[in-house]
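Following: one structure in structure tokens, then a few remarks.
In this note's numbering, the protein residues as written are 5 to 292.
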């Protein structure tokens, strides 16, 4: 039965997304202490680039992230369990100026997740997506779609000479992962315009060649183009490993880095203190 994953949350959880931008992407040995892994996706086209400030309650640690813009996916961040304050301001603003968003978050040990900032500048919200970076079967890759183009009400994806990969994927959601044979795939992405948008009329489409390498995990990010229409951008999620590393999880480049991150499976929880509602829904993926 074809399935996929979608996620919807309240605007309060947006700040939890931005935690992931403040950590380096360099590969390192798995730490002995329990950690969580998280990254950010900026999918709000009319929201300008932002600077994000992350600090612990006692002020012993502080990270600053500069100019995160639409279409950016951060590398995975390594977070020790604990509580954090996250403030988001327009890029270039004084660090003491009022924040667009100011939230307290608690991070518990676990596996990887991507938190997507979606919606308009005046109505920002987020969608929390669980990342399954466990290894695919031998000779296969794992692929999913993230719909980040608000001009397109729904998106269908078809593999040339192959099956329908995803159908009716709405903005701000992601499909579940599917295992596909290693090789080069040509994908046709067809969208239907959101009513009232300035995007091309229903029936607009884009083609994208995607290399699915064995033992890798990737997301296909659908984005609006500045001049109209949309594009598909492959994003490395991770390189699967047959057995999770001893002592924890290992990460590498991740995000939009040139080399995919290696990551084993565990469980991550990100909680915005004060409450956040999360809804996960299944959607068609790789239906045959």
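The beta carbon of each residue, even a glycine, is placed where N, CA and C say it ideally should be.
Of all alpha-carbon atoms in 39, 220 and 51, the one lying nearest the alpha-carbon of residue 138 is that of 220.
Here the C-alpha atom of residue 85 lies approximately 15 Å from the C-alpha atom of residue 43. Here residue 143 is exposed, its C-beta having fewer than 16 other C-beta atoms within 10 Å. The criterion of a C-beta distance shorter than 9 Å is not satisfied by residue 191 and residue 222. Here residue 171 carries a strand assignment [DSSP, helix/strand/coil]. Looking only at 49, 56 and 136, the smallest Cα-Cα distance to residue 91 is reached by 56. Between residue 155 and residue 241, the C-beta spacing is not below 9 Å. Counting the other Cβ atoms within 10 Å of the Cβ of residue 117 gives 16 or more, which makes it buried. Contact annotation: residue 170 and residue 160 have beta-carbon atoms nearer than 9 Å.
Using a Cβ distance threshold of 9 Å, residue 54 and residue 93 count as a contacting pair. Across the structure, residue 148 and residue 50 are spaced so that their CA atoms are roughly 25 Å apart. Judged by DSSP in its simplified three-state form, residue 84 adopts coil rather than helix or strand.
The shortest C-alpha to C-alpha distance from residue 48 to any of 129, 215, 193 and 214 is the one to 129.
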